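Residue numbers (the UniProt record's numbering): 1 to 420. Inspection log for the structure reproduced underneath, given as structure tokens.
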């Protein structure tokens with residue numbers, strides 16, 4: 001009898017012990033999937049703490065992006081995630097600020113579909129720690145909500161199938177042979193070829209994943225039932241490219257300032273980037289047909305930007321007429337970008353003080369090469385805020401659509417014809 005009691009007590013304690021992390025499955029980090037990037041620094045199995053570094057190659061852009069899968073989680077346990085950003089380098093070997101790799105809140109998911117934010121982490125110089133209670137055996141963590149090439153392809157195919165107004169097409173293939181998906185959206189056909197054309201693109205810098213979510217919000221709104229979306233697609237043909245730098249997005253590299261130049265410093269005749277070359281050709285054709293009226297390039301800015309904002313043209317690049325259209329577009333945008341995420345009051349420029357290659361930036365190329373009625377803008381959506389998640393980003397995309405609809409109630413080409 002006594003021996004049975006002893007055995008029972010021993011079994012009870014064995015079960016109790018094995019419900020703690022002492023008998024938990026080992027945590028494992030994996031990043032060998034599209035968009036993945038993580039170098040394991042340490043995994044403390046007892047403390048259930050994982051420490052990683054971003055693993056991007058500086059030759060392919062700022063190595064601030066990180067994204068990995070964590071297996072071996074006991075459902076209901078709290079995981080501690082640390083990202084160490086003490087070795088970030090620019091292409092030229094100079095240090096890159098840890099701020100670029102350490103958001104206040106990390107992105108997390110248990111299915112790679114629904115992405116949420118963690119609670120704010122604890123920052124200590126060049127590293128940060130976030131805690132998250134996970135109700136699954138596997139979770140994914142990232143710098144921001146990922147949007148990889150397969151997401152771009154799925155979005156284009158889904159809208160092509162579900163909306164009679166959307167048509168998927170391939171902009172080009174990259175230097176590595178990957179497809180660059182794109183969409184056109186218009187209602188009622190465009191038989192006479194005179195409708196206004198709008199071009200919206202995202203992710204010339206691969207790590208800026210929020211830009212693709214803004215674009216998704218824009219194009220899903222545009223193909224939806226909002227009467228103002230209906231009006232916009234009846235007036236225009238909209239071209240949308242979810243990811244320009246497909247290769248670096250696929251390989252988990254940052255893209256920005258890569259060698260010898262990145263996509264947004266590659267807008268010139270002999271560019272090496274196939275997506276830029278294809279976009280330039282289509283934009284020039286639309287301009288020659290006197291159809292192009294607006295070009296919007298979607299980005300994410302620096303860590304300290306709390307609100308979305310537009311980069312506007314350097315004064316030396318705009319005529320009086322272009323300036324008038326630019327001011328009218330900004331005024332329309334301010335009416336649509338309202339709380340909780342209104343536009344910044346300041347309107348910075350991408351002039352000669354901004355970058356030595358400033359004339360090869362996409363929006364500046366537009367201003368130099370397109371007709372005076374064409375507005376060329378860069379929209380920067382803040383990534384380091386409580387709103388910087390898929391729902392918040394998509395809200396900004398919807399507001400961009402509303403701003404374009406408001407602005408294009410007057411055809412800017414009519415203004416030009418009056419001045420000729």
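No residue lacks a Cβ here, since even glycine has one placed at the ideal position from N, Cα and C. Keep in mind it's a predicted model, so treat the numbers as computed, not measured.
Taking one C-beta from the region 342-358 and one from the region 384-398 each time, how about it: are there three or more such pairs within less than 8 Å?
Result no; under three Cβ-Cβ pairs closer than 8 Å.
Alpha carbon of residue 403 to alpha carbon of residue 108, nearest angstrom
Near 31 Å, if we compare the C-alpha coordinates of residue 108 and residue 403.
Would you kindly check if the distance between the Cβ of residue 73 and the Cβ of residue 138 is under 9 Å?
Yes, the pair counts as a contact, with Cβ atoms nearer than the cut-off.
Under a Cβ-count criterion, where at least 16 other Cβ atoms within 10 Å of its own Cβ denotes burial, should residue 262 be classed as buried or exposed?
With 16 or more Cβ atoms within 10 Å of its Cβ, residue 262 is classed as buried.
Apart from the five residues on each side of it in sequence, which residues of its chain come closer than 6 Å, Cβ to Cβ, to residue 169?
Same-chain partners within the cutoff: 182.
For residue 256, count neighbouring Cβ atoms within 10 angstroms of its own Cβ and tell me buried if that reaches 16, exposed if not.
With 16 or more other Cβ atoms within 10 Å, it is buried.
Stretch-stretch touch, CB-based, cutoff 8 Å, three pairs: the region 126-141 with the region 70-89
The way I'd put it, the region 126-141 does touch the region 70-89; three or more beta-carbon pairs between them come closer than 8 Å.
Excluding the five sequence neighbours on either side, which residues of its own chain have a C-beta within less than 6 Å of the C-beta of residue 174, listed in chain order?
Setting aside the 5 residues that flank it on each side, residue 174 is surrounded in the same chain by 246, 247 and 274, each with a C-beta closer than 6 Å to its C-beta; the list follows chain order.
Starting from residue 376 and walking both ways along the beta strand (DSSP E), at which residues does that stretch end?
Counting along the chain, the beta strand (DSSP E) containing residue 376 begins and ends at 375-380.
Identify which residue in 280, 252 and 286 has its Cα closest to the Cα of residue 236.
For the set 280, 252 and 286, the Cα lying nearest the Cα of residue 236 is the one of 286.
Segments of 4+ residues assigned as alpha helix (DSSP H) that fall wholly inside the region 217-257:
Taking only runs of at least 4 residues, the alpha helix (DSSP H) segments lying wholly in the region 217-257 are 227-235 and 246-251.
Compare the C-alpha of residue 104 against each of 143, 70, 112 and 85 and name the closest.
The shortest Cα separation from residue 104 among 143, 70, 112 and 85 belongs to 143.
Taking the alpha helix (DSSP H) that residue 159 falls in, what are its first and last residues?
In the DSSP assignment, residue 159 falls within the alpha helix (DSSP H) that extends over 149-162.
Considering only residues of the same chain and omitting the five flanking positions on each side of residue 282, which have a CB-CB separation below 6 Å?
Nothing meets the Cβ criterion.
Can you name the start and end residues of the beta strand (DSSP E) that residue 77 belongs to?
Where residue 77 is concerned, the enclosing beta strand (DSSP E) stretches over 77-84.
Going by C-alpha distance, which of 357, 272, 364 and 394 is nearest residue 315?
For residue 315, the closest alpha carbon among the candidates 357, 272, 364 and 394 is that of 364.
Secondary structure of residue 15, DSSP reduced to three states:
Residue placement at residue 15 cannot be trusted, given a pLDDT of 49 that sits under 50; what the coordinates show is reported in the next sentence. Secondary structure at residue 15: helix, using DSSP grouped into helix, strand and coil.
Can you tell me whether residue 268 is buried or exposed? The criterion is at least 16 other CB atoms within 10 Å of its CB, across all chains shown.
Residue environment analysis places residue 268 among the exposed positions, since fewer than 16 neighbouring C-beta atoms fall within 10 angstroms of its C-beta.
Endpoints, the beta strand (DSSP E) within which residue 167 is located
Segment 166-173, the beta strand (DSSP E) holding residue 167.
Assuming residue 98 and residue 126 make a contact with CB atoms under 8 Å, what is their CB distance in whole Å?
Confirmed, Cβ separation roughly 4 Å.
Is the beta carbon of residue 371 closer than 9 Å to that of residue 292?
Taking 9 Å as the Cβ cut-off, residue 292 and residue 371 qualify as a contacting pair.
With 16 other CB atoms within 10 Å as the buried threshold, where does residue 374 fall?
Burial call: buried.
Euclidean distance between Cα positions of residue 321 and residue 50
Each residue's alpha carbon lies about 56 Å from the other.
Grab me the residues of residue 95's own chain with a C-beta within less than 8 Å of its C-beta, minus the 5 sequence neighbours each way, in chain order.
Counting only Cβ-Cβ distances below 8 Å, and skipping sequence neighbours, we find 88 and 89.
What runs of the beta strand (DSSP E), each 3 residues or longer, lie entirely inside the region 16-62?
Complete beta strand (DSSP E) runs here, min 3: 28-30, 39-44 and 49-53.
Going by Cα to Cα distance, which pick from 388, 288 and 414 is closest to residue 302?
Closest by alpha carbon: 388.
Closest residue to residue 110 among 300, 215 and 145 (Cα-Cα distance):
Considering only alpha carbons, the answer is 145.
When the Cα of residue 441 is compared with those of 266, 368, 414 and 218, which residue comes out closest?
Since the displayed the chain opens at 1 and closes at 420, residue 441 lies outside it and no answer follows.
Using CA atoms only, rank isn't needed, just tell me which of 47, 44, 57 and 68 is closest to residue 35.
When only C-alpha atoms are compared, the closest one is 68.
Please classify residue 280: does DSSP put it in a helix, a strand, or coil?
Residue state, collapsed to three classes: helix.
Quick check: the Cα distance between residue 343 and residue 213, rounded to an integer number of angstroms?
C-alpha separation (whole angstroms): 18 Å.
Spatial neighbours of residue 152 in its chain, beta-carbon cut-off 6 Å, leaving aside the 5 residues before and after
Within the same chain, and ignoring the five residues on either side of residue 152 in sequence, the residues whose Cβ sits closer than 6 Å to its Cβ are 181, 242 and 243.
Note down, in chain order, each residue of its chain lying with its Cβ closer than 8 Å to the Cβ of residue 266, except the 5 sequence neighbours on either side.
The answer, listed in chain order, is 272, 273, 276 and 360.
Where does residue 335 land, buried or exposed, given buried means 16+ other C-beta within 10 angstroms?
That one is exposed.
Excluding the 5 residues flanking residue 117 on each side, which residues of the same chain have their C-beta closer than 8 Å to its C-beta?
Contacts found: 105, 106, 107, 108, 386, 388 and 389.
Proximity to residue 41 [Cα-Cα], best of 91, 222, 60 and 82:
Distances from the alpha-carbon of residue 41 to those of 91, 222, 60 and 82 put 82 closest.
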